[in-house]
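For reference, the structure is listed below as C-alpha cells.
Number of protein chains: 2
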Amino acid sequence: MELVDEMLRGDVLSLARLITTVERDGADVPRIMKAIYPHLGKAYCVGITGPPGAGKSTVVDRLTAVIRQQGLTVGIIAADPTSPFTGGAVLGDRIRMQQHYLDEGVFIRSMATRGSHGGLPRTTGGVIKLLNAFGKDFILVETVGVGQTELDIMENVDTTVVVLVPEAGDTIQTMKAGLFEIADIFVVNKADRPGADNLVTELQMMVHLRCEESWWQVPVMATEAINNVGIEELCGQIEKHRQTLEETGRLTQRRQEQRRREFMETVERRVTDELFRLIKHDEELGQHMAMVEAGEIDPYSAADEVLRPGTLMASWSRQLAKRRPTS
Amino acid sequence: MELVDEMLRGDVLSLARLITTVERDGADVPRIMKAIYPHLGKAYCVGITGPPGAGKSTVVDRLTAVIRQQGLTVGIIAADPTSPFTGGAVLGDRIRMQQHYLDEGVFIRSMATRGSHGGLPRTTGGVIKLLNAFGKDFILVETVGVGQTELDIMENVDTTVVVLVPEAGDTIQTMKAGLFEIADIFVVNKADRPGADNLVTELQMMVHLRCEESWWQVPVMATEAINNVGIEELCGQIEKHRQTLEETGRLTQRRQEQRRREFMETVERRVTDELFRLIKHDEELGQHMAMVEAGEIDPYSAADEVLRPGTLMASWSRQLAKRRPTS
C-alpha cells in the first residue's frame with residue numbers, strides 16, 4: 001500500500017491518514033495491519049492512567065520532555081476525553097502542550113471517542129502499532145482508568161503508570177476500579193498537597209501486602225508534575241521496569257499474548273461480521289429476526305434455529321465459496 | 328427447569344441461585360432464559376447512574392421507600408462497586424439500607440465485578456430479566472456511568488436517571504462521559520450544598536439547547552435524598568416518563584430493539600465460542616495460533632488462513648453435524 005510505504009519513509013501526513021482509517025475501523029484495516037506488521041520496531045509503550053483531574057496529561061507532557069532530552073522520539077495517544085491533548089481542558093493546559101506540537105520528534109494524536117458515549121475506541125491498539133511501525137521510541141497512552149474497555153487497552157502497553165492525587169477516598173476508589181491490579185508504578189501527583197505523604201505510605205503498605213511475586217516491587221513515587229519534580233525519577237523507574245521485563249523474559253511473553261489476542265479478536269470480528277451480513281440478507285434468517293422483534297420467539301430459541309446445521313451454516317459456506325475458490 | 332418453576336412460584340432462594348448462574352454466565356443460561364421468557368412481566372426498569380459520590384444509593388434507597396408505600400414491589404441491582412448495597416461504602420450507609428433487607432417486597436442484589444477489573448458484568452441484562460420474571464413491579468439498577476460497558480447496560484433500562492452533585496467541573500465531566508445523552512431525568516442531589524442552583528440552571532439550559540425532540544423535555548430536579556427532599560417528585564417524573572414512552576409507542580419500540588440486540592449477541596456469542604473451541608482442538612488451526620504467537624505470521628494473515636473455505640468451515644460443519652442431526 002502506497003500510504004503505508006510513505007508512512008514507513010517517515011511521512012507524517014500519511015501516518016495521520018492511516019491513524020484515521022484505523023480509528024474509524026475502515027475496511028482497509030486488515031490490509032494496513034498486514035503491511036505494517038513486518039515493520040513493527042522497538043517502540044516501548046507506557047500507559048498513563050488514573051482518575052480525572054489527577055494531572056495525567058501534565059505527567060505525559062513532562063515525561064515527553066525528559067525522553068526528548070535523551071534524544072528519543074515520542075508518540076502520544078490521548079484517549080482521555082478530559083485531556084488537554086484531546087481538547088477537553090482549560091486553555092492554559094493547551095498552551096503548555098504546544099511546545100511539543102512544534103517538535104518534530106513528537107507526534108500527538110487524540111483519539112475520537114467511540115460512538116456518542118465518550119468511551120475509548122477499541123482501535124487504540126491498532127494506533128499504537130502504527131506509531132510503532134512509524135519508528136517512535138516511546139509511545140505514551142493517556143487514558144482514564146475506569147471502564148472495562150479502558151482497562152483492556154492497557155493490555156496493549158508494556159508499563160502501566162497509575163497517577164493519583166492526595167484526596168480522601170482515592171485509595172479505596174482505586175482498589176475498586178481495578179487500577180491497583182494493573183499498576184506497575186504508582187505516582188502520587190500534586191504531592192505538595194496535604195495528605196500526599198499519607199497516600200504514599202498507604203499505597204506502599206498495600207503494595208507490600210499483596211506483592212507475592214518477587215520479580216517486581218511496584219514503586220510508589222511522589223511527583224509535582226507541574227513543577228517538574230520527580231519526573232526524571234519516574235522516567236528511571238519506567239526504564240527499570242522495562243529492563244526487568246526484558247531480563248525475566250516477560251516482555252517476550254507479553255508480546256506473544258498480545259499477538260494471540262489480536263488473532264482471536266480478528267477471527268471473532270470477521271466471523272460475526274459475516275454472520276450479521278447473512279442475517280440481514282438471508283430471507284429465512286431475516287424472518288427469525290422479525291419474530292424475535294415481535295416477541296413471538298425468544299432470542300435464545302431463535303439463535304438455536306439460526307445456528308442449526310443446514311440453515312445458516314449451509315448458507316454461509318455457500319456465500320463464502322462464491323467469493324473465493326476453495327483451496 | 329425445576330429451579331425456574333420454583334422461582335416463578337415466588338421462591339426467593341431459587342431466584343438468588345438463578346441470578347448467580349446468570350451472573351457467572353454458566354452453560355445453563357440459554358435454558359434459563361428460554362424458560363423465563365414467556366413469564367416476563369410488567370416490570371419497569373429504572374437506571375440510576377452518575378459519578379461516584381453523587382449519592383446514587385441514597386436516591387435508590389429513598390425511591391424504594393416511596394415505591395413500597397404505593398404497595399409495589401422492588402428489585403434492586405447494585406452494579407456500582409462503591410455502592411453500600413455492594414458493600415463498598417462506610418458502615419453508616421449499610422445500616423441505613425438494612426430496613427429494605429428486612430422487607431419481603433424488596434429484593435436486593437449486588438453484582439459481583441467482572442474479572443478482576445471491577446468492571447460491570449455484561450450479564451446484568453439477564454439479571455434484570457430474572458427479577459422481571461419473578462414479578463417485581465420496579466427494578467432499580469444502580470451503576471457508575473463511566474465506561475462503555477456501564478453505558479451499554481443502560482440500554483436495558485426504560486428510564487435513566489442521572490444523579491449529579493453541585494461541584495465544579497461536574498457538568499463538563501458529565502458531558503464528556505456521555506451521561507448527558509442518556510439522561511431521561513437529571514437529579515442534582517445534595518442540593519443544600521453551594522452551587523446547586525447554578526448547576527440546575529446550567530443543566531436546564533443545556534437540556535433546552537439540545538432538545539430538538541419535543542416528545543420529552545428532560546426535567547432537572549433538585550433533591551436532598553438523605554433528607555427525603557424531592558424524592559416523591561422524582562418518582563412522579565419517572566412515572567410521567569413511563570407514560571410518555573407508552574403513549575408515543577416508544578416503550579414497545581425499545582423492547583423490540585432490546586430483543587433484537589439480545590438475539591444478535593446470543594448468535595455472536597455462540598458462534599465465537601464454537602470457533603474458539605475449534606481453534607483449541609483442531610490441529611491445523613492450533614498450528615496457526617502457534618505461528619502467530621511466535622510472530623512468524625501476522626494475526627491478520629493467519630485469520631485469512633483460518634477462515635479460508637475448506638479449513639475451518641469444513642471442520643466446523645463436520646463438528647456441528649456430529650453433535651446433532653441435520654434437520
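So the protein sequences, as listed, match chains A and B. The numbers in the working numbering rise by one with no breaks, and the one at position 313 of the first sequence is 313. The numbers in the working numbering rise by one with no breaks, and the one at position 288 of the second sequence is 615. Ideal Cβ placement from N, Cα and C applies to all residues, glycine included.
{"Query": "Assigned exposure category for Q564(B) - 16 Cβ within 10 Å defines buried", "Result": "buried"}
{"Query": "CA-to-CA distance, V492(B) to V556(B), given in whole angstroms", "Result": "15 angstroms"}
{"Query": "Meets three-Cβ-pair contact criterion under 8 angstroms: the stretch 567 to 575 of chain B and the stretch 278 to 293 of chain A", "Result": "no"}
{"Query": "Minimum Cβ-Cβ distance from S628(B) to chain A less than 7 angstroms", "Result": "yes"}
{"Query": "Boundaries (first-last residue) of the beta strand (DSSP E) holding I403(B)", "Result": "V401 to A405"}
{"Query": "Neighbour list for Q583(B) in chain A, Cβ cutoff strictly below 9 angstroms", "Result": "V292, E293, A294 and G295"}
{"Query": "V339(B) to V454(B) span [Cα, whole Å]", "Result": "14 angstroms"}
{"Query": "Continuous beta strand (DSSP E) assignments of at least 3 residues falling wholly in the stretch 176 to 224 of chain A", "Result": "185 to 188 and 220 to 222"}
{"Query": "Proximity below 7 angstroms, CB of V352(A) to CB of K56(A)", "Result": "With chain A running from 1 to 327 in the structure shown, residue 352(A) is simply not present."}
{"Query": "Sequence-distant residues of its chain with Cβ nearer than 6 angstroms to I226(A) (five each side left out)", "Result": "T58"}
{"Query": "Chain-ordered chain B contacts of P402(A) [CB-CB under 9 angstroms]", "Result": "No answer is possible for residue 402(A): it lies beyond the span of chain A, which begins at 1 and ends at 327."}
{"Query": "Q258(A) burial status per 10 Å Cβ neighbour count (16 or more: buried)", "Result": "buried"}
{"Query": "Integer-rounded CB distance, given that A222(A) should sit under 8 angstroms from A196(A)", "Result": "6 angstroms"}
{"Query": "Rounded separation between M532(B) and F507(B) - CA only", "Result": "12 angstroms"}
{"Query": "Contact list for the stretch 352 to 373 of chain B against chain A, Cβ threshold 7 angstroms", "Result": "P357, M360, K361 and Y364"}
{"Query": "Same chain only: Cβ atoms within 7 angstroms of A54(A), ignoring 5 sequence neighbours per side", "Result": "V163, L164, V165 and N189"}
{"Query": "Bounding residues of the beta strand (DSSP E) (the contiguous stretch that carries Y371(B))", "Result": "Y371 to G377"}
{"Query": "Spatially closest choice to P219(A) from R270(A), I108(A), T159(A) and T73(A), by CA coordinates", "Result": "T159(A)"}
{"Query": "Inter-residue spacing [alpha-carbon to alpha-carbon] between E595(B) and T266(A)", "Result": "14 angstroms"}
{"Query": "Extent of the continuous beta strand (DSSP E) to which E469(B) belongs", "Result": "F465 to V471"}
{"Query": "Interface positions of the stretch 597 to 616 of chain B facing chain A (Cβ-Cβ less than 9 angstroms), listed along the chain", "Result": "R597, V598, T599, E601, L602, F603, I606, H615 and M616"}
{"Query": "Beta-carbon spacing of I19(A), L130(A) below 7 angstroms", "Result": "yes"}
{"Query": "Burial state of E2(A), where buried means 16 or more other Cβ atoms lie within 10 Å", "Result": "exposed"}
{"Query": "Opening and closing residue of the alpha helix (DSSP H) in which T123(A) lies", "Result": "Premise fails: T123(A) is in no alpha helix (DSSP H) and is neither H nor E."}
{"Query": "Span of the beta strand (DSSP E), counted from its first residue to its last, around I435(B)", "Result": "V433 to S437"}
{"Query": "Per-residue DSSP class, three states only, for T486(B)", "Result": "strand"}
{"Query": "Cβ of R586(B) within 7 angstroms of any chain A Cβ", "Result": "yes"}
{"Query": "Residue of S628(B), I624(B) and F590(B) minimising C-alpha distance to A303(A)", "Result": "F590(B)"}
{"Query": "Per-residue burial, R109(A) [other beta carbons within 10 Å of its own, 16 or more giving buried]", "Result": "buried"}
{"Query": "Delimiting residues of the alpha helix (DSSP H) encompassing R395(B)", "Result": "K383 to Q396"}
{"Query": "Contacts of V594(B) in chain A (Cβ-Cβ under 9 angstroms)", "Result": "T272, L275, F276, I279, P299, A302, A303, V306, L307 and L312"}
{"Query": "Presumed contact (8 angstroms Cβ cut-off) between Y44(A) and F138(A), rounded CB distance", "Result": "6 angstroms"}
{"Query": "M533(B): contacting residues in chain A (beta-carbon distance under 8 angstroms)", "Result": "Neighbours of M533(B) on chain A: none; closest Cβ ~15 angstroms, over 8 angstroms."}
{"Query": "CB contact check: E6(A) to chain B, cutoff 7 angstroms", "Result": "no"}
{"Query": "R596(B) - containing alpha helix (DSSP H), residue span", "Result": "R577 to H608"}
{"Query": "Beta-carbon proximity of P377(A) to V144(A), cut-off 7 angstroms", "Result": "Chain A is shown from 1 up to 327; residue 377(A) falls before or after that span and cannot be answered."}
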